[in-house]
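> If you're matching positions, the sequence shown starts at 0 in numbering that gives the first Met the number 0 and goes up one per residue.
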Amino acid sequence: MSKLWGGRFTKETNQLVEEFTASIQFDQKLALEDIKGSIAHVEMLASCGIIPTEDAKQIKAGLKKIQEKVLNNEVTFSVEDEDIHMNIERMLIEEIGPVGGKLHTGRSRNDQVATDMHLYLRYQTIEIIKLLEKVQEAILIQANEHIETILPGYTHLQRAQPISFAHHLLAYFWMFERDKERLEDSLKRVNWSPLGAGALAGTTFPIDRHQSAKRLKFDMVYPNSLDAVSDRDFILEFLSAASILMMHISRLSEEFVLWMSQEFQFIELDDSFCTGSSIMPQKKNPDVPELLRGKTGRVYGNLFSLLTTLKGLPLAYNKDLQEDKEGMFDTVETLIDSLQLLAPMIQTMTVKTENMLQAVSQDYSNATDLADYLANKGVPFRKAHEIIGQIVLYAIQNNKYLLDLSLDEYKKFSHSFEEDIFTVLQPKHVVAARNSYGGTGFEQVKVQLKLAEEKLGI
Ligand code: ARG
Numbered sequence: 000m001s002k003l004w005g006g007r008f009t010k011e012t013n014q015l016v017e018e019f020t021a022s023i024q025f026d027q028k029l030a031l032e033d034i035k036g037s038i039a040h041v042e043m044l045a046s047c048g049i050i051p052t053e054d055a056k057q058i059k060a061g062l063k064k065i066q067e068k069v070l071n072n073e074v075t076f077s078v079e080d081e082d083i084h085m086n087i088e089r090m091l092i093e094e095i096g097p098v099g100g101k102l103h104t105g106r107s108r109n110d111q112v113a114t115d116m117h118l119y120l121r122y123q124t125i126e127i128i129k130l131l132e133k134v135q136e137a138i139l140i141q142a143n144e145h146i147e148t149i150l151p152g153y154t155h156l157q158r159a160q161p162i163s164f165a166h167h168l169l170a171y172f173w174m175f176e177r178d179k180e181r182l183e184d185s186l187k188r189v190n191w192s193p194l195g196a197g198a199l200a201g202t203t204f205p206i207d208r209h210q211s212a213k214r215l216k217f218d219m220v221y222p223n224s225l226d227a228v229s230d231r232d233f234i235l236e237f238l239s240a241a242s243i244l245m246m247h248i249s250r251l252s253e254e255f256v257l258w259m260s261q262e263f264q265f266i267e268l269d270d271s272f273c274t275g276s277s278i279m280p281q282k283k284n285p286d287v288p289e290l291l292r293g294k295t296g297r298v299y300g301n302l303f304s305l306l307t308t309l310k311g312l313p314l315a316y317n318k319d320l321q322e323d324k325e326g327m328f329d330t331v332e333t334l335i336d337s338l339q340l341l342a343p344m345i346q347t348m349t350v351k352t353e354n355m356l357q358a359v360s361q362d363y364s365n366a367t368d369l370a371d372y373l374a375n376k377g378v379p380f381r382k383a384h385e386i387i388g389q390i391v392l393y394a395i396q397n398n399k400y401l402l403d404l405s406l407d408e409y410k411k412f413s414h415s416f417e418e419d420i421f422t423v424l425q426p427k428h429v430v431a432a433r434n435s436y437g438g439t440g441f442e443q444v445k446v447q448l449k450l451a452e453e454k455l456g457i
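#1: Please report the distance separating the alpha-carbon of I278 from that of M344.
#2: Could you have a look at M116 and say whether DSSP puts it in helix, strand or coil?
#3: Taking its Cβ as the centre, do 16 or more other Cβ atoms sit within 10 Å of Q14, making it buried, or is it exposed?
#4: Does the distance from the CB of V391 to the CB of A366 come in under 7 Å?
#5: Restricting to Cα atoms, I'd like to know which of G6, K133, S192 is closest to S229.
#6: If you follow the alpha helix (DSSP H) that Q443 is part of, which residue opens it and which one closes it?
#7: Give the secondary structure of M174 by DSSP, where H, G and I count as helix, E and B as strand, and everything else as coil.
#8: Tell me whether V287 counts as near the ligand ARG, meaning its Cβ is closer than 6 Å to at least one heavy atom of that ligand.
#9: Measure the C-alpha to C-alpha separation of I395 and D362 and round it to an integer number of angstroms.
#10: Assess, as a yes-or-no matter, whether the segment 277-294 is touched by the segment 250-269 under the definition of 3 or more beta carbon pairs within less than 8 Å.
#11: Is it a yes or a no for the segment 318-335 touching the segment 370-390, going by three-plus beta-carbon pairs under 8 Å?
#12: Rounding to the nearest angstrom, what Cα-Cα distance links T114 and H167 in this structure?
#13: What is the rounded straight-line gap between the Cα of A137 and the Cα of D270?
#14: Have a look at F380 and E144 and give me their C-alpha separation to the nearest angstrom.
#15: Could you check what DSSP says for I146 in three-state terms: helix, strand or coil?
#16: Could you tell me whether the Cβ atoms of V298 and A240 are closer together than 7 Å?
#17: May I ask you to check if the CB of Q321 is nearer than 6 Å to at least one heavy atom of the ligand ARG?
#18: Could you check the C-alpha separation between I234 and V189 for me, to the nearest Å?
#19: Let me know the alpha helix (DSSP H) ranges lying completely inside the segment 208-248, each 4 residues or longer, listed in chain order.
#20: Below 6 Å, is the gap between the Cβ of S22 and the nearest heavy atom of the ligand ARG?
#21: Would you identify the three-state DSSP class for V350, choosing helix, strand or coil?
#22: Please determine, among L44, G296, K10, the residue with the shortest C-alpha to C-alpha distance to Q210.
#23: Write down every uninterrupted run of the beta strand (DSSP E) in the segment 21-65 whose length is 3 residues or greater and which is fully enclosed by it, in chain order.
#24: Per DSSP, which one or two residues make a beta bridge with N284?
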């Protein structure tokens, strides 16, 4: 089969070179975007009088037929035609004859591939945002159920202060909210049209780039043709927003894994989200959150891989840029799978409220409240901190928790202690008392939930 660019060549391409340089194995994922871009281009060519309207009509009809075949999985792509652009052009010419050869007037594969990628990423980013909202909804459902569920809050993975479980979950809601904002913001740049930039320098044909951009619903046209065909920072932006998002997913997953361990027993993931062991009959493994944590690595890798590919590349198009695709596809697919699993996994988990509460009653995480108590009675906080430190030490040495000590024992450390410390030390009281804005106090958590619901429009 002769190459579409074969004119100046006297030899066939080496077989290995053909396979090595082809991208059709993976860029066939851009088939629909490629056709969409071509339709907008050909309509613009006709409306600018660059090709006859009749030819444009035939080309458009041919492209629509190919689109149909792609949708029905009826096309076979060939490595000889190197990439999706030439595969479709070949199919078009086969479908409607030599007039199909007019499609490539006033454009190059360089602006064409960039256009395809912009269209692809716009579509997928919007899909990902929708899935992210489903995850946020699942978080809100659980949070609403667990405003008054108390568990230990940790710093350094040591019990620190008791908190509301809803508060803990909502922390992730806001991380995902910022992830969503980052993705939404990136759409502004994804919405630039490279189409018509040509190979690198523009074209001699009187094309109207604004018109084709409008047809593709882009809201900006790259003002510089070199930039248009060389830019991949819109992909980098997506990959970095995706990396941050996966990092959040990974942290949440890690908590699920910990919480489901025998040591914590704070939650139980639904059977449908866990797997067993081939040898140990008792096992129920949290494979899904483990794998979500694990997949974060490849998403970071895709970002680094493209950053490295682009580093030091001279303008304009270089074949290196073909390496931009697989990582992007992989990240899109990884994110879609991850988010699709995360939402129902959160929604179906069982929260073991009793175990959480029991954990809080068997630690010293109410110590800060005792220090605050003394501070409220006029003892300088630093001094109060020291006194409570001594009380905690005394309690540990006597195998007791703070609520087990008697008022007499307390009075030995400070005369400011009264009977009401036993109320102050109750886990529920401890949580409720943190009523500063954004704190874990139940009233604040309700305020936060309302704000979160407003953000989601529910
Ligand atoms: N398959 C190529 C890519 O993905 C399309 C652009 C090819 N351009 C070229 N001048 N060889 O980057």
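No residue lacks a Cβ here, since even glycine has one placed at the ideal position from N, Cα and C.
Quick answer:
#1: Stepping through the sequence shown from its first residue, residue 278 is reached at position 279. Stepping through the sequence shown from its first residue, residue 344 is reached at position 345. Whole-angstrom Cα-Cα distance: 25 Å.
#2: By one-based count along the sequence shown, residue 116 stands at place 117. Reduced to three states, the DSSP call for M116 is helix.
#3: Position 15 of the sequence shown, counted from the start, is the residue given in the question as residue 14. With fewer than 16 other Cβ atoms within 10 Å, it is exposed.
#4: Here residue 391 refers to the residue found at position 392 when the sequence shown is read from its first residue. Here residue 366 refers to the residue found at position 367 when the sequence shown is read from its first residue. Yes, the pair counts as a contact, with Cβ atoms nearer than the cut-off.
#5: By one-based count along the sequence shown, residue 229 stands at place 230. Selected option, being the one with the closest Cα: S192.
#6: The residue given as residue 443 occupies position 444 in the sequence shown. Element bounds for Q443: 441-455.
#7: Residue 174 sits at position 175 when you count from the first residue of the sequence shown. Note: M174 maps to helix in three-state DSSP.
#8: Reading the sequence shown from its first residue, position 288 is the one you call residue 287. No.
#9: In the sequence shown, residue 395 corresponds to position 396, counting from 1. In the sequence shown, residue 362 corresponds to position 363, counting from 1. Whole-angstrom Cα-Cα distance: 10 Å.
#10: yes
#11: no
#12: Sequence index remark: in the sequence shown, residue 114 carries index 115 (1-based). Sequence index remark: in the sequence shown, residue 167 carries index 168 (1-based). T114 and H167: Cα-Cα distance of roughly 42 Å.
#13: One-based indexing of the sequence shown puts residue 137 at position 138. One-based indexing of the sequence shown puts residue 270 at position 271. Cα to Cα, A137 sits roughly 18 Å from D270.
#14: Translated into the one-based positions of the sequence shown, residue 380 becomes position 381. Translated into the one-based positions of the sequence shown, residue 144 becomes position 145. Rounded to whole angstroms, F380 to E144 spans 36 Å at the Cα level.
#15: Here residue 146 corresponds to residue number 147 of the sequence shown, with the count starting at 1. DSSP places I146 in coil when its eight states are reduced to three.
#16: Here residue 298 refers to the residue found at position 299 when the sequence shown is read from its first residue. Here residue 240 refers to the residue found at position 241 when the sequence shown is read from its first residue. No, they are not a contact pair.
#17: By one-based count along the sequence shown, residue 321 stands at place 322. Yes, the beta carbon of Q321 sits closer than 6 Å to at least one heavy atom of the ligand ARG.
#18: Residue mapping note: residue 234 aligns to position 235 of the sequence shown, counting from 1. Residue mapping note: residue 189 aligns to position 190 of the sequence shown, counting from 1. In a straight line, the C-alpha of I234 is about 8 Å away from that of V189.
#19: 208-214, 224-229
#20: Mapped onto the sequence shown, residue 22 falls at position 23. S22 Cβ: within cutoff of the ligand ARG.
#21: On the sequence shown, position 351 is the one that residue 350 refers to. Here V350 sits in strand by DSSP.
#22: Within the sequence shown, numbered from 1, the residue matching residue 210 stands at position 211. Checking every option, the nearest Cα to that of Q210 belongs to L44.
#23: none
#24: As a first step, residue 284 must be located in the sequence shown, where it is residue number 285. For N284, which the question treats as bridged, DSSP gives the partners T274.
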